[in-house]
Amino acid sequence: MKLRTKYPQHVMEIEQLMGQLKMMKTGYMRLQRPITKVGKCCQCGTCYFFCPEACISDRGSYFAADLDYCKGCGICARVCPGNAIVMLRE
Ligand code: SF4
Ligand code: SF4
């Protein structure tokens, strides 16, 4: 993961947060879901750093949310510099 090399402290903190939040599946609260337009994702990691649920991960060639935990706040879509995430109403 490129982000781990570039921002080791941030990645470590997010992984700790992920571990804590994994105990509670918060996806049921969601009214809309983030969809990553795979071809538009430049893998900058901005969504990964801003997601308050720490539920976005690197899927190899793009980043996407784990819907078991995503609350649908839409922050990832707002901060994505390439408009690679759209929110779809459920
Ligand atoms: S919608 Fe909110 S909770 Fe869901 S992945 Fe995006 S930032 Fe995280
Ligand atoms: S912020 Fe957008 S471009 Fe950057 S990793 Fe997330 S989805 Fe991809």
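Going by this note's numbering, the first residue of the sequence shown is number 148, and it counts up by one from there. From the three backbone atoms N, C-alpha and C, an ideal C-beta is built for every residue, glycine too.
Sort out for me which residues DSSP pairs residue i with in a bridge.
{"i": "Asp205", "result": "Phe210"}
{"i": "Met123", "result": "Residue 123 cannot be examined here, being either before or after the span of the chain that is shown, 148 to 237."}
In chain order, what residues of the same chain have a beta carbon less than 6 Å from the beta carbon of residue i, not counting five sequence neighbours either side?
{"i": "Leu187", "result": "The identity of residue 187 in the sequence shown is Lys, whereas the question assumes Leu. Contacts found: Gly229 and Ala231."}
{"i": "Val185", "result": "Tyr209"}
Less than 6 Å between the CB of residue i and some heavy atom of ligand 2, yes or no?
{"i": "Phe210", "result": "yes"}
Report the CB separation of residue i from residue j in whole angstroms; it is logged as a contact under 8 Å.
{"i": "Cys202", "j": "Ala212", "result": "5 Å"}
{"i": "Phe197", "j": "His157", "result": "That pair is no contact at about 11 Å."}
Starting from the C-beta of residue i, find all residues in its chain whose C-beta is less than 7 Å away, skip the five residues before and the five after it, and write them out in chain order.
{"i": "Arg177", "result": "Cys217, Lys218, Gly219 and Glu237"}
Within 6 Å: the Cβ of residue i and any heavy atom of ligand 1?
{"i": "Glu200", "result": "yes"}
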